[in-house]
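Comments concern the structure below.
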Amino acid sequence: MGLLSFNNVGISGLTAAVPRHVINNYEYDLYFSREEIKDVVDKIGVKERRFADENTCSSDLCFAAAEKLINDMNIDRQEIDLLIFISQTPDYRMPATSVLLQERLQLPTSTITFDINLGCSAFLYGLTVAYSMLTAGGIRKALVLDGETRSKVYSLKDRKTGFLFGDGGVAALVERDDQFGTSWFSLNSDGSRESLIKIPAGGYRRMSSCETVAEKVVDEYGNIRSEEQGYMNGADVFNFVIREVPRDFNRLIEFAGVERDSIDYFVFHQANSYINGFLAKKLKLPEEKTPATIHKYGNTSSVSIPLTIVSELKEKLQGKKRILMSGFGVGLTWGTAMIGLHDCYIGEVVEV
Amino acid sequence: MEEKLVNALAEALEMDASIIKPEETFRDYENYSSLTELSMLAMLDSEFGIELEMKDYNKLKTVADLIALVSSR
Numbered sequence: 256m257g258l259l260s261f262n263n264v265g266i267s268g269l270t271a272a273v274p275r276h277v278i279n280n281y282e283y284d285l286y287f288s289r290e291e292i293k294d295v296v297d298k299i300g301v302k303e304r305r306f307a308d309e310n311t312c313s314s315d316l317c318f319a320a321a322e323k324l325i326n327d328m329n330i331d332r333q334e335i336d337l338l339i340f341i342s343q344t345p346d347y348r349m350p351a352t353s354v355l356l357q358e359r360l361q362l363p364t365s366t367i368t369f370d371i372n373l374g375c376s377a378f379l380y381g382l383t384v385a386y387s388m389l390t391a392g393g394i395r396k397a398l399v400l401d402g403e404t405r406s407k408v409y410s411l412k413d414r415k416t417g418f419l420f421g422d423g424g425v426a427a428l429v430e431r432d433d434q435f436g437t438s439w440f441s442l443n444s445d446g447s448r449e450s451l452i453k454i455p456a457g458g459y460r461r462m463s464s465c466e467t468v469a470e471k472v473v474d475e476y477g478n479i480r481s482e483e484q485g486y487m488n489g490a491d492v493f494n495f496v497i498r499e500v501p502r503d504f505n506r507l508i509e510f511a512g513v514e515r516d517s518i519d520y521f522v523f524h525q526a527n528s529y530i531n532g533f534l535a536k537k538l539k540l541p542e543e544k545t546p547a548t549i550h551k552y553g554n555t556s557s558v559s560i561p562l563t564i565v566s567e568l569k570e571k572l573q574g575k576k577r578i579l580m581s582g583f584g585v586g587l588t589w590g591t592a593m594i595g596l597h598d599c600y601i602g603e604v605v606e607v
Numbered sequence: 043m044e045e046k047l048v049n050a051l052a053e054a055l056e057m058d059a060s061i062i063k064p065e066e067t068f069r070d071y072e073n074y075s076s077l078t079e080l081s082m083l084a085m086l087d088s089e090f091g092i093e094l095e096m097k098d099y100n101k102l103k104t105v106a107d108l109i110a111l112v113s114s115r
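Chains as they are written, first to last, in the working numbering: chain A, 256 to 607; chain B, 43 to 115.
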């Protein structure tokens with residue numbers, strides 16, 4: 256069924272880091288005219304986003320967020336028994352970036368580390384793994400690090416994706432505590448739609464070559480990209496999301512058996528403002544309960560849900576709160592979660 | 043239903059409803075693009091409760107096809 260529930264485990268602290276370099280989308284006219292850009296940007300709602308420089312990886316953003324989390328919360332590094340790194344922009348093909356972060360964060364060698372390679376739904380997947388391992392016992396504290404440098408993945412000469420994505424990283428401390436109560440997750444996947452969002456080359460099915468890195472005109476609109484850059488079929492994804500995400504949203508609420516009115520905030524993956532606006536309207540969500548960061552950080556893939564919580568809910572999470580999260584994207588994979596927070600520590604967004 | 047569809051189509055494509063004719067191919071309208079295609083899909087879902095697979099949407103050619111689709115539900 257892909258439905259999970261957990262008791263008395265949850266997020267006790269959350270921090271985020273973004274690159275300091277701000278891209279003003281309306282003025283980002285390297286390859287397209289400002290008139291063309293305006294049509295795109297008005298629709299997707301990404302007014303600004305952050306780009307990492309060539310020396311900054313997802314792991315660097317997560318490292319900055321994790322250092323802030325550990326220092327602000329005065330966490331004993333020796334008690335961190337699990338580190339999960341979620342990303343589709345790792346430092347290397349091998350070793351796993353999580354292992355590098357174990358050393359950089361000066362965690363003990365007894366720490367369990369591994370990477371999770373998933374996109375926009377991945378924060379929910381990562382949490383269920385951390386929650387499961389904490390529930391199994393023997394783990395005191397877990398760090399879930401989630402970072403993306405999507406700016407390095409997509410062609411700036413492809414207007415379908417060139418104005419959408421931005422970079423960011425988050426760190427979440429997950430631990431056991433009776434205060435968290437019950438949390439619920441629904442996770443889903445549909446591999447028949449694998450081609451809708453994809454980097455076709457550079458893996459082991461179609462290995463990197465001169466041909467795969469060559470830029471080509473790919474459609475009648477003159478968009479340009481290589482096979483090692485990301486592709487997205489926006490209409491197909493949109494059509495899928497507006498059908499399946501509300502379905503999963505309702506499935507999770509039914510599974511949890513809680514009143515919708517008892518949910519304090521609905522935090523959606525920041526895909527683009529058109530999709531997000533449509534989902535909010537279809538699900539009849541009040542605007543004040545649906546925080547957004549698409550206008551200032553763009554689509555940061557799996558990072559966008561926790562980044563939005565840090566950026567927009569920092570002053571609003573005192574006491575007990577119930578948050579619904581909805582993630583959807585590449586795979587395709589999608590999921591919905593409802594978690595309880597209790598005086599969750601939220602740090603200011605750090606600039607790297 | 044025909045009038046409702048034509049008005050909704052005009053709104054999605056940001057064009058004047060009076061120039062829309064049933065026999066016309068809606069993808070040939072000047073404002074039809076990958077951006078306004080999203081508005082088309084949104085319109086079918088929110089105005090008519092129609093959820094389509096893209097392969098079925100792509101089979102629709104004319105305004106009359108759209109009218110037939112919304113009339114059949």
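All C-beta atoms in this analysis are idealised placements derived from N, C-alpha and C, irrespective of residue type, glycine included. Please read these numbers as outputs of a predicted model, since none were measured by experiment.
Under 7 Å between C-beta atoms of residue i and residue j
| i | j | result |
| --- | --- | --- |
| residue 344 of chain A | residue 270 of chain A | no |
| residue 424 of chain A | residue 599 of chain A | no |
| residue 83 of chain B | residue 494 of chain A | yes |
| residue 439 of chain A | residue 385 of chain A | no |
| residue 426 of chain A | residue 321 of chain A | yes |
| residue 480 of chain A | residue 556 of chain A | no |
| residue 513 of chain A | residue 266 of chain A | no |
| residue 528 of chain A | residue 549 of chain A | yes |
| residue 435 of chain A | residue 560 of chain A | no |
| residue 605 of chain A | residue 565 of chain A | no |
Pairwise C-alpha distance: residue j and residue i
| i | j | result |
| --- | --- | --- |
| residue 415 of chain A | residue 81 of chain B | 15 Å |
| residue 407 of chain A | residue 371 of chain A | 19 Å |
| residue 282 of chain A | residue 74 of chain B | 25 Å |
| residue 48 of chain B | residue 91 of chain B | 16 Å |
| residue 324 of chain A | residue 602 of chain A | 7 Å |
| residue 387 of chain A | residue 418 of chain A | 37 Å |
| residue 521 of chain A | residue 292 of chain A | 30 Å |
| residue 437 of chain A | residue 262 of chain A | 4 Å |
| residue 562 of chain A | residue 59 of chain B | 42 Å |
| residue 397 of chain A | residue 475 of chain A | 49 Å |
| residue 296 of chain A | residue 412 of chain A | 15 Å |
| residue 306 of chain A | residue 46 of chain B | 44 Å |
| residue 367 of chain A | residue 338 of chain A | 6 Å |
| residue 467 of chain A | residue 584 of chain A | 24 Å |
| residue 543 of chain A | residue 503 of chain A | 22 Å |
| residue 61 of chain B | residue 67 of chain B | 13 Å |
| residue 463 of chain A | residue 457 of chain A | 4 Å |
| residue 88 of chain B | residue 530 of chain A | 13 Å |
| residue 446 of chain A | residue 587 of chain A | 6 Å |
| residue 86 of chain B | residue 327 of chain A | 49 Å |
| residue 361 of chain A | residue 298 of chain A | 44 Å |
Presumed contact (8 Å Cβ cut-off) between residue i and residue j, rounded CB distance
| i | j | result |
| --- | --- | --- |
| residue 553 of chain A | residue 289 of chain A | Contact doesn't hold; Cβ gap of about 18 Å is too wide. |
| residue 314 of chain A | residue 346 of chain A | 5 Å |
| residue 273 of chain A | residue 422 of chain A | 7 Å |
| residue 486 of chain A | residue 453 of chain A | 6 Å |
| residue 341 of chain A | residue 277 of chain A | Not confirmed; about 24 Å, so no contact. |
| residue 573 of chain A | residue 547 of chain A | Residue 573 of chain A to residue 547 of chain A, Cβ: 21 Å. No contact. |
| residue 488 of chain A | residue 589 of chain A | That belief does not hold up - the Cβ atoms of residue 488 of chain A and residue 589 of chain A are roughly 16 Å apart, past 8 Å. |
| residue 259 of chain A | residue 383 of chain A | 6 Å |
| residue 499 of chain A | residue 455 of chain A | The pair is not a contact, with the Cβ atoms about 24 Å apart (cut-off 8 Å). |
| residue 607 of chain A | residue 311 of chain A | 6 Å |
Residues sharing a beta bridge with residue i, DSSP
| i | result |
| --- | --- |
| residue 401 of chain A | A/341 and A/425 |
| residue 57 of chain B | Answer by DSSP bridge pairing: none, since residue 57 of chain B is not bridged. |
| residue 597 of chain A | A/575 |
| residue 566 of chain A | Residue 566 of chain A pairs with nothing; no bridge assigned. |
| residue 606 of chain A | A/273 |
| residue 554 of chain A | A/420 |
| residue 266 of chain A | A/429 |
| residue 592 of chain A | A/440 and A/580 |
| residue 370 of chain A | A/340 |
| residue 487 of chain A | A/452 |
| residue 260 of chain A | A/439 |
| residue 520 of chain A | A/578 |
| residue 282 of chain A | Paired residues: none, contrary to the question. |
8 Å Cβ shell around residue i - same chain, five flanking residues per side excluded
| i | result |
| --- | --- |
| residue 78 of chain B | 54, 55 and 56 |
| residue 44 of chain B | 64, 109 and 113 |
| residue 539 of chain A | none |
| residue 284 of chain A | 292 |
Other residues of its chain near residue i: CB distance less than 6 Å, five sequence neighbours each side excluded
| i | result |
| --- | --- |
| residue 551 of chain A | 303 |
| residue 95 of chain B | none |
| residue 451 of chain A | 488, 491 and 492 |
Chain-order list of residues whose beta-carbon lies under 7 Å from that of residue i (same chain, five-residue window excluded)
| i | result |
| --- | --- |
| residue 506 of chain A | 441 |
| residue 287 of chain A | 414 |
| residue 363 of chain A | 333 |
| residue 577 of chain A | 517, 518, 519, 593 and 595 |
| residue 484 of chain A | 408, 409, 410 and 454 |
Under 9 Å from the C-beta of residue i: neighbouring residues of chain C
| i | result |
| --- | --- |
| residue 102 of chain B | This model lacks chain C altogether; the protein chains it does include are A and B. |
Residue i Cβ short of 6 Å to the ligand GDP heavy atom set
| i | result |
| --- | --- |
| residue 452 of chain A | This structure simply doesn't include the ligand GDP, nor any ligand for that matter. |
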